[in-house]
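So the sequence shown is residues 10 to 338, counted in the working numbering.
Glycine included, each C-beta is placed from N, C-alpha and C at the ideal position.
Computed from a prediction, not measured in an experiment: that's the story for all the values here.
What follows is a short report on a single structure.
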Amino acid sequence: MRVLVTGGGGYIGSVAVECLLGAGYDVVVLDNFWRGHQPAVPTGVEKVDCDLRDRDHTIRAVKEAWVDAVLHFAAATLVGESVVQPAEYFEINVVGSHNLLVAMRDAGVSKLVFSSTAAVYGMPETLPITETAPTVPINPYGRSKLMVEQMLEWHAGAYGLRYACPRYFNVAGATEQHGEDHEPETHVIPVALQVLLGKRPHFSVFGTDYPTPDGTAIRDYVHVVDLAEAHILALKRLDETLGPINLGTRDGFSVRQIVAAVERVTRRDLPVEYGPRREGDPPALVADSSKAHRLLGWTPTRSTMDEMVGSAWRWFQAHPHGYQDDGQS
């Protein structure tokens with residue numbers, strides 16, 4: 010199968026490309042490298058420099074790629090940024106996805122795995138979160154992803170699109186070749202590791218009085234390879250539409266547990282600064298992934314906190330300047 014990966018120069022997209030290649034797929038990467046990285050795309054993989062907001066270019070690029078399916082990771086993904094720049098998020102995530110769907114229909118491509126988010130749930134009332142929980146996103150990022158999911162549902166009914174929408178909270182870890190290199194960096198584990206590398210003065214913990222076992226907020230984390238493999242499993246099952254599929258570990262990890270894992274794995278003390286809760290942060294967010302296990306046979310095998318921190322730490326040590334170490338200026 011020949012697969013188009015949008016956003017293949019980004020963190021999750023590049024690992025998905027690596028896993029697809031390892032599984033014997035033929036891969037084409039489509040990315041405008043706005044926040045992705047050219048060196049993150051393996052040598053020999055066909056790259057198409059295209060912005061999905063450019064409808065004509067997108068239609069032409071998908072038609073000329075001659076692919077059988079699409080893994081769609083290209084998106085703007087920062088929650089805080091989406092609040093202050095909502096128009097940009099709706100244009101990139103919604104308009105860009107619409108143009109991709111038009112291009113797929115024009116090229117006769119009917120299989121799509123859309124990288125969604127558990128942010129579509131907003132502030133859930135019950136845990137763990139199932140796919141049938143109300144979708145009430147509280148920021149433009151989550152809303153834009155939900156809008157695309159709704160578009161897919163209608164495209165499936167009208168045009169025969171077969172799709173899956175993996176929803177997940179936090180992704181962590183790395184492979185030897187691919188890791189996190191964001192600007193700005195907002196993810197908890199790489200931020201903590203940047204402190205140990207001298208790039209930040211301390212690690213901030215927001216809130217120690219939550220109704221959780223250790224007082225800090227609990228979040229679900231999945232190793233990036235486990236996540237990529239779930240997307241490939243979904244791709245294999247697209248003889249029918251699968252809809253939304255939660256990906257998580259159900260139990261989650263607290264911020265204090267992450268701090269302990271960072272210190273344990275790196276054998277270094279992490280300077281921590283404790284502060285008050287951030288407005289809108291719920292005490293815990295964890296997903297029920299029983300549908301993924303039932304439909305896909307997916308069970309995360311690398312998503313222990315030590316494994317996620319350890320693999321990320323090894324990648325950061327090998328790439329202290331991110332993908333600039335691989336020749337990107």
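(message) Per the DSSP calculation, H232 is bridged to which residue(s)?
(response) A181
(message) Would P146 and L155 qualify as a contact pair, given that the criterion is a beta-carbon distance under 9 angstroms?
(response) yes
(request) Using a threshold of 9 angstroms, state whether the C-beta atoms of R228 and A293 are closer than that. (result) yes
(request) Reducing DSSP to helix, strand and coil, say where T250 ends up. (result) coil
(request) Rounded to whole angstroms, what's the CA-CA distance from P210 to V200? Just pull it up for me. (result) 11 angstroms
(message) Would V71 and A183 be called neighbours here (beta carbons separated by less than 9 angstroms)?
(response) no
(message) Quick test of your reading: T15 and D40, contact by CB under 8 angstroms. State the CB separation rounded to the nearest angstrom.
(response) 7 angstroms
(message) Using CA atoms only, rank isn't needed, just tell me which of R64, N148, L80 is closest to S91.
(response) N148
(request) Determine the contact status of P193 and S125, defining contact as a CB-CB distance below 9 angstroms. (result) no
(request) Look at the alpha carbon of V93 and the alpha carbon of Q326, and state the distance between them as a whole number of angstroms. (result) 34 angstroms
(request) Please state if the CB of L80 and the CB of L13 are separated by a distance shorter than 9 angstroms. (result) yes
(request) Could you tell me whether the stretch 295–308 touches the stretch 251–264, where touching means 3 or more Cβ pairs closer than 8 angstroms? (result) yes
(request) Enumerate in chain order the residues of its own chain whose CB-to-CB distance from V57 is below 6 angstroms, with the five nearest sequence positions on each side excluded. (result) L39, A70
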